[in-house]
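Below is one structure; the comments refer to it alone.
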Amino acid sequence: MYYFIVNLTSRTGKAAKTWHQLKLELDQREVAYKAYVSEYPGHATRLAKMICNKADKDIRLIVVGGDGTANEVINGMEHFEKVTFGYIPSGSGNDLGRGLGISAKDPLEALQRILEAEQARYMDLGRVSWADDRGIRQSRLYAISAGIGFDALVCELALHAKLKTFLNRIGLGKLVYLILTVKSMRALQVQDAYIEFEGGESYELKDMVFAAAMNQPYEGGGVPMAPDAKNDDGLLSVIFVEDIPKKKMPRMLLRLLLKKHKKIQGLRLKDTKSVRIHSDTPLVVHSDGEFCGYRTDIRFEAEKGKLRILC
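full-length UniProt numbering puts the sequence shown at residues 1 to 311.
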């Protein structure tokens, strides 16, 4: 049985048109399916949990929405051994679709790939964890990336950006990331931090700009943060940058976009199964673009082959 979780509000409602097209195709093919609409933040997580606890032995759980909806669903999934995941992107960022080679421009092709896939492939997931205000360890799974500092600040600002709604409405949703990136450059307060990789390798970071643990090559609407990242090797590609003056941050961003990472002062890339970052001052954290608060001790780890996926 196919179960669809649909976010009709992604891209300011344009996903509703996408779902209409998909529904017509499903009905024409006489596919057995049930559809559930995500109606509020966190609802997709609840829906996924409910679906995964059904008695079905073979659950095919398909997301129609953006990266945030996919993240919510993955964090609601249980009994991963009997659930196969599918994704039809209809958001503005589409970093998960980009990493999987799924275009947001042709949802019917994405549906066809799901329905006609002969077997699922296995994809890694990342997990980011931290201690909350009571000292209790909390965590979230992620499919794309999780990080702290500059890129996480962009995600926090996007939560309250009325401009994002307007730009999505006129088909320019990706511009919001560029605009908020410029705003974040001005607002960012760099912090010293300590980073320790699996195996004991560690660094004292002076004026850390950001650190991101990538499961896919792209984040932020197509920025190639870790161009060589693979989502099935059991490793995270960790990128971290320190000690860059604010006046040089636009150049840093341009070089990231052009994949000229080696020319960025203070940038390092390392593949690892896990990494821990500590700062005496709380740092802003995101998971697949979803704001996770301000934390002082954060751990990122890869969970190899966690997700079975049709694509």
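Just so you know, even glycine gets a beta-carbon here, dropped at the ideal spot from N, CA and C.
Which same chain residues end up closer than 8 Å to Lys206 when comparing Cβ atoms and leaving out the 5 residues on each side of it in sequence?
Cβ within range, chain order: Asp192, Glu242 and Asp243.
At the level of alpha carbons, what is the spacing between Asp27 and Phe4?
If I take the Cα positions, the gap works out to 13 Å.
Pull the bridge partners of Val5 from the DSSP assignment, please.
The residue asked about is misnamed: residue 5 is Ile in this sequence, not Val. According to DSSP, which records beta bridges pairwise, Ile5 is partnered with Tyr36 and Val63.
For Gly126, write down the residues that DSSP places opposite it in a beta bridge.
Note: Gly126 sits in a beta bridge opposite Tyr142 and Ala302.
Quick check on DSSP: helix, strand or coil for Lys260?
Coil at Lys260, not helix or strand.
Closest by CA to Tyr87, which one among Met50, Glu81, Pro107 and Ile195?
For Tyr87, the nearest C-alpha among the options comes from Pro107.
Indicate whether the contact test is met: 3 or more Cβ pairs, each with one atom in the stretch 41 to 54 and one in the stretch 13 to 27, closer than 8 Å.
In short, these stretches do not touch, since the Cβ pair count stays below three.
Report back the beta-carbon spacing between Thr9 and Ser90 to the nearest angstrom; my notes put them in contact at under 8 Å.
That belief does not hold up - the Cβ atoms of Thr9 and Ser90 are roughly 10 Å apart, past 8 Å.
What ranges does the alpha helix (DSSP H) occupy inside the stretch 176 to 260, keeping only unbroken runs of at least 4 residues that lie completely in it?
Taking only runs of at least 4 residues, the alpha helix (DSSP H) segments lying wholly in the stretch 176 to 260 are 249 to 257.
In terms of residue numbering, what span does the alpha helix (DSSP H) encompassing Ile51 cover?
Where Ile51 is concerned, the enclosing alpha helix (DSSP H) stretches over His43 to Cys52.
Using three-state DSSP, classify Arg134 as helix, strand or coil.
It is coil, neither helix nor strand.
Between the Cα of Ser279 and the Cα atoms of Ser38, Arg98 and Phe210, which residue gives the shortest distance?
Checking every option, the nearest Cα to that of Ser279 belongs to Phe210.
List the residues that DSSP assigns as beta-bridge partners of Ser103.
Note: Ser103 sits in no beta bridge, so no partner.
Closer than 7 Å to a non-hydrogen atom of the ligand NAD - does that hold for the CB of Phe291?
For the ligand NAD, the structure offers nothing, since it holds no ligand at all.
Ala212 and Gly305: beta carbons closer than 8 Å?
Contact: no.
Less than 8 Å between the CB atoms is what I'm expecting for Gly234 and Asp124, so what's the real figure, rounded?
Rounded, the Cβ-Cβ distance is 6 Å, consistent with contact.
Tell me Val275's beta-bridge partners as DSSP assigns them.
Looking at the DSSP assignment, Val275 forms a beta bridge with Phe197 and Phe300.
Please classify Glu72 as buried or exposed, where buried requires at least 16 neighbouring CB atoms within 10 angstroms.
It is buried - the Cβ of Glu72 has at least 16 other Cβ atoms within 10 Å.
With a threshold of 16 other CB atoms inside 10 Å of the CB of Met50, please say whether the residue is buried or exposed.
The residue is exposed, with fewer than 16 neighbouring Cβ atoms inside 10 Å.
How many Å lie between Leu269 and Arg276 at the Cα?
Whole-angstrom Cα-Cα distance: 15 Å.
When DSSP labels each residue in this structure, what does Gly280 get in the three-state scheme?
As written in the sequence, residue 280 is Asp, which differs from the Gly given in the question. Of the three classes helix, strand and coil, the one that applies to Asp280 here is strand, per DSSP.
Where Gly101 and Asp133 are concerned, what is the direct C-alpha to C-alpha distance, given to the nearest angstrom?
Rounded to whole angstroms, Gly101 to Asp133 spans 39 Å at the Cα level.
Please name the residue in Ile59, Gly65, Tyr40 and Ser38 whose C-alpha comes closest to that of residue 364.
Not covered by the structure: residue 364. The range shown for the chain is 1 to 311.
Can you tell me the Cα-Cα spacing of Val37 and Arg295, whole angstroms?
Near 32 Å, if we compare the C-alpha coordinates of Arg295 and Val37.
Inspect the beta-carbon positions of Ile59 and Val83 and report whether they are closer than 8 Å.
Taking 8 Å as the Cβ cut-off, Ile59 and Val83 qualify as a contacting pair.
Any idea what DSSP makes of Cys155, helix, strand or coil?
Three-state DSSP puts Cys155 in a helix.
Looking only at C-alpha atoms, which of Leu61, Thr69 and Cys52 sits nearest to Gly289?
Closest by alpha carbon: Thr69.
Going by DSSP, name the residue or residues bridged to His286.
Looking at the DSSP assignment, His286 forms a beta bridge with Gly147 and Phe291.
Let me check understanding here. Comparing Cα to Cα, which of Tyr218, Arg140 and Cys155 lies closest to Phe291?
Answer by Cα proximity: Cys155.
Would you mind sorting Arg140 into buried or exposed? The rule is 16 or more other CB atoms within 10 Å of its CB.
Buried, since its Cβ has 16 or more Cβ neighbours within 10 Å.
Who are the Cβ neighbours of Pro224 in its own chain at under 8 Å, not counting the five residues just before and after it?
Hits under 8 Å: Pro217, Tyr218, Leu256, Leu257 and Lys259.
From this set, Asn231, Lys247 and Val238, which residue's C-alpha is nearest Ile195's C-alpha?
It is Val238.
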